[in-house]
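Chemist: Here's a structure for you.
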Amino acid sequence: MSLDERLRSVFASVFGLDPSRIQADDSYETIPEWDSVNHINLILALEAEFGVEFDPGEIAELGSVTAIRARLGGTDA
Amino acid sequence: MTTAAASPLAGLEDVRKPADYLRVARAIREADGAGLRPLRMGIVSSCTLQFLDPYLVVEGARAGYFVQVQHGQFGQPEQELGQADSGVIRHAPDIILLMLRPEDVAPEAMTRAINAGPTLEALVARLQQCVGLLREHAAVPVLVANLAQPSVRPLGVFDANLAESLAHALSRANTLIRERLSGHAGAFVWDYAGLVSTHGTANWTDRRLWALARVPVAAPMQPHMASHIIRTVTGVLRPPAKCLVLDLDNTLWGGAIGDEGLGGIQLGDDYPGNAYKAFQRYVRGLLDRGVLLAVASKNERETVDQVFREHPEMLLRPDDIAAWQVNWQPKSGNIRALAAELNLGADALVFFDDNPVERAEVRANAPEVLVVEVPSDPLLYADALFGSGYFDQPVLSEEDRARAGMYRADHQRRALEQQAGSVEEFLLGLDMVATVGTVEPAVLGRVAQLIGKTNQFNLTTRRHSQADIERMGRDSNHVVAWLRLRDRFGDQGLVAVGILAAEGETGRIDTFLMSCRVMSRGVETALLAYLTDQAKRLGCREVVGEYVPTRKNGMVRGFYPAAGFRLRAGSEADGATYALDLTAGGVAWPPVIRREDSGRAVETGP
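As you go down the protein sequences, you meet chains A and B in turn.
Those letters in the first sequence? Residues 0 to 76, per numbering that gives the first Met the number 0, in order.
Those letters in the second sequence? Residues 0 to 605, per numbering that gives the first Met the number 0, in order.
This is the structure in structure tokens:
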């Protein structure tokens, strides 16, 4: 799976959406299910899926697909 | 990607990552439980536990439950538990979880080097008060979390070295929690401290999660926390299993006894024999707390007996096994036969066999039997049995505690029997004392239990309810008689019950039954003698006994004729009534048993 497919799968699981619904320009402002509780769920799910650990300071900054892709080093769109 | 799976439960085994938990939990909820048994939980906590819900739903589904959680208002345990219209109570929970962490409600105590005790004792008092408030209006079972040790300790590595340290204060508080809860029916400790120590205090928390979202548990620990809660809830809500059915070859020892012989099997103090010995030691621990052991093995009985008797490294001996099925028949049928012999439902039996083919056969043909998924490595057998949770039970009854002792006493009785020159000599050597009496509140529960479960030595198998028994006990034309037996090796407890209905000059024996563990000691004659005395006291001139045949009570078909009764009607095959003329004497009390009358300690006999 490409980075984007894995990202879509995690987003879909966390927010209960169809993977095709997740777009590159989505953020907490465009996905109503992306509330504060689900933000933590998303962070934990991403950490487990990609084997990373985010600094507490950056967690609040990861509020969009773009920011998360950039943090995960994703340019292989 | 397709999202419409056949059942949300199909992929349960593969759920590991947080995203999977979230997705599957949502699917189970959307399928309205997907046919699982509903389990409504109320959670009242001093910290954020909402994050745990998807984990509870998935771990609950693995245990057969559809978990529906209602969380209490943050920081208001007294209101949530004490008010009948609170959110938690209106949720109509099957069970409530109460968790007040000292880190949340008394954080200063958790960094105090010495004398945290009073603060923690106040916390315990608050927990008890919460349970008390709940009990004023609801009987729902409640689990109360005990207190975990922190990973950072004020006295450094010497926390355990000082009597007043935080470590000791926490463990004293946990002892206090247990003591305080024991006074409340349906209140149990949820061993949060044990859970945290199993996984390690250093791994348990994620400081980022705590700082950002007040979530007290690191992500990798959340499935463990949920499964521990579900296991505890299960242990409280369902009756525990009673009997462990063991395979032998490659389960209790390595290799096949039929092929390798007594000297060839692996069992001892070196690998791999020590793995099997360690498992036997764990099984002995279960035996000592009252779990019955049985054997289901495809072998020759003689070969197996020899191992149990003669192998020097066996920790389990013939007397430790309550029932045997050693033959070449399918194990499903053998396990059903064991259940019948032990007077247990098959769902009270746990099957442990290294062979996946045998496990599959039992699962397919005796689906009510609990089957442990046994790993291939014998070093992990005890972990698998422990992990199954089948023998978890929050309290051990008097009977459970006594059972192991009873088996030891049985062993001593059998030794005496072998030494004795005759049956008479053996019975006299037992120094038996039977206490007889009529039903009273203190014994009503046990009398009802025997009436409800005795199958073999039971002349009529009438399952009277406890309320009926109580009513008959109060009625002047009925006698509900019971007998307790003790001997020089121990107390056997209340083991026999008879019910007499006086109808004019005829005393009809409605019920006559005895526990099989006191067979062939004269106990049945003693109870019959007592019952005929009671009939005379009520003015009866004869007693009439019935034999109602069932699939299981063939052993008592000749009981009344052997006691001197005459056939009045019917036949052994179809059921019969028998009569005894009391004007010509009754039934003599057996001389090998000393008689005591309940409450009066009148002694007759030799």
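In this text, a Cβ means the ideal position worked out from N, Cα and C, and glycines have one as well.
Is the beta carbon of B:R230 sitting closer than 8 Å to the one on B:G444?
Modeler: no
Chemist: Residues of chain B with CB closer than 8 Å to the CB of A:A23, please, in chain order.
Modeler: Simply none; closest approach about 18 Å.
Chemist: If we define contact as Cβ-Cβ less than 8 Å, is A:L43 a contact residue for chain B?
Modeler: True, the Cβ-Cβ gap to chain B drops below 8 Å.
Chemist: On the premise that B:E77 lies in contact with B:G86, defined as a C-beta separation below 8 Å, what is that separation, rounded to the nearest angstrom?
Modeler: No, B:G86 and B:E77 are not in contact; Cβ-Cβ is about 14 Å, not under 8 Å.
Chemist: Please confirm whether B:R22 has its beta-carbon closer than 8 Å to some beta-carbon of chain A.
Modeler: yes
Chemist: Give the straight-line distance between the Cα atoms of B:A352 and B:P239, rounded to the nearest whole angstrom.
Modeler: According to the sequence shown, residue 352 of chain B is Asp rather than Ala. Those two C-alpha atoms are separated by around 20 Å.
Chemist: Say whether the stretch 21 to 37 of chain B touches the stretch 64 to 72 of chain B, bearing in mind that this needs 3 or more beta-carbon pairs closer than 8 Å, one atom from each stretch.
Modeler: With a cut-off of 8 Å, the stretch 64 to 72 of chain B and the stretch 21 to 37 of chain B count as touching, because enough Cβ pairs lie within range.
Chemist: Cβ closer than 9 Å: which chain E residues qualify as neighbours of A:E46?
Modeler: Included in the structure are the protein chains A and B, with no chain E among them.
Chemist: Which of the three DSSP states is assigned to B:L99 in this structure?
Modeler: Coil at B:L99, not helix or strand.
Chemist: Just curious, the beta strand (DSSP E) that B:V432 is in, first and last residue?
Modeler: M431 to T437 is the extent of the beta strand (DSSP E) around B:V432.
Chemist: Is it buried or exposed for B:R400, if we count other Cβ within 10 angstroms and need 16 for buried?
Modeler: It counts as exposed.
Chemist: Which word fits B:H136, buried or exposed, when buried means at least 16 other C-beta atoms lie within 10 angstroms of its C-beta?
Modeler: B:H136 should be labelled exposed.
Chemist: What residues from chain A crowd round B:V214, counting only those whose CB sits closer than 8 Å?
Modeler: I39
Chemist: Does the distance from the C-beta atom of B:I176 to that of B:V188 stay below 8 Å?
Modeler: yes
Chemist: In the stretch 397 to 429 of chain B, which residue ranges form an unbroken alpha helix (DSSP H) of at least 4 residues, counting only runs that do not cross its ends?
Modeler: 397 to 418 and 422 to 428
Chemist: B:A447: beta carbon under 7 Å from a heavy atom of the ligand GTP?
Modeler: Only the bare structure without any ligand can be found here, which leaves the ligand GTP out of the picture.
Chemist: Report all residues from its chain with a CB closer than 6 Å to the CB of B:E670; omit the five preceding and five following residues, and keep chain order.
Modeler: Absent from the model: residue 670 of chain B. The displayed extent of chain B is 0 to 605, so no value can be given.
Chemist: Ignore the nearest five residues each way along the sequence and tell me which others in B:P37's own chain have a CB closer than 7 Å to its CB.
Modeler: F65 and Q67
Chemist: To the nearest angstrom, how far is it from the Cα of B:N552 to the Cα of B:A255?
Modeler: 37 Å
Chemist: So if DSSP puts B:V214 in a beta bridge, which residue, or which two residues, is it bridged to?
Modeler: According to DSSP, which records beta bridges pairwise, B:V214 is partnered with nothing at all.
Chemist: Could you check where the beta strand (DSSP E) with B:F351 kicks off and where it finishes?
Modeler: L348 to F351
Chemist: Cβ of B:L426 within 8 Å of Cβ of B:V591?
Modeler: At a Cβ-Cβ threshold of 8 Å, B:L426 and B:V591 count as neighbours.
Chemist: Whole angstroms are fine: how far does the CA of B:R300 sit from the CA of B:Q279?
Modeler: Separation of B:Q279 and B:R300 (C-alpha to C-alpha, rounded to the nearest whole angstrom) is 20 Å.
Chemist: For B:D509, collect the residues of the same chain with a Cβ closer than 6 Å to its Cβ; drop the 5 residues on either side in sequence, then sort them by chain order.
Modeler: I498 and A500
Chemist: Cα-Cα, which of B:E360, B:A365, B:A383 and B:L379 is closest to B:V371?
Modeler: Minimum Cα distance to B:V371 is reached at B:A383.
Chemist: Just how far apart, CA to CA, sit B:A295 and B:N249?
Modeler: 13 Å
Chemist: What are the boundary residues of the beta strand (DSSP E) that B:Y577 is part of?
Modeler: It spans G574 to D580 - the beta strand (DSSP E) in which B:Y577 sits, taken as one unbroken run.
Chemist: Please confirm if the stretch 48 to 57 of chain B is in contact with the stretch 33 to 45 of chain A, defined as three or more CB-CB distances below 8 Å between the two stretches.
Modeler: yes
Chemist: Helix or strand or just coil, what does DSSP make of B:D376?
Modeler: Three-state result, B:D376: coil.
Chemist: Residues of chain A with CB closer than 7 Å to the CB of B:A210, please, in chain order.
Modeler: P55
Chemist: Please classify B:G71: is it buried, with 16 or more other beta-carbons within 10 angstroms of its beta-carbon, or exposed?
Modeler: buried
Chemist: Are the stretch 60 to 71 of chain A and the stretch 222 to 229 of chain B in contact at 8 Å, needing three or more beta carbon pairs?
Modeler: no
Chemist: Any idea if B:R308 is buried or exposed, counting beta-carbon neighbours within 10 angstroms, 16 or more meaning buried?
Modeler: exposed
Chemist: When the cut-off is 8 Å and only beta carbons count, does A:I58 lie next to chain B?
Modeler: yes
Chemist: Could you tell me which residues DSSP puts in a beta bridge with B:A501?
Modeler: Paired residues: B:G506.
Chemist: Helix or strand or just coil, what does DSSP make of B:L484?
Modeler: strand
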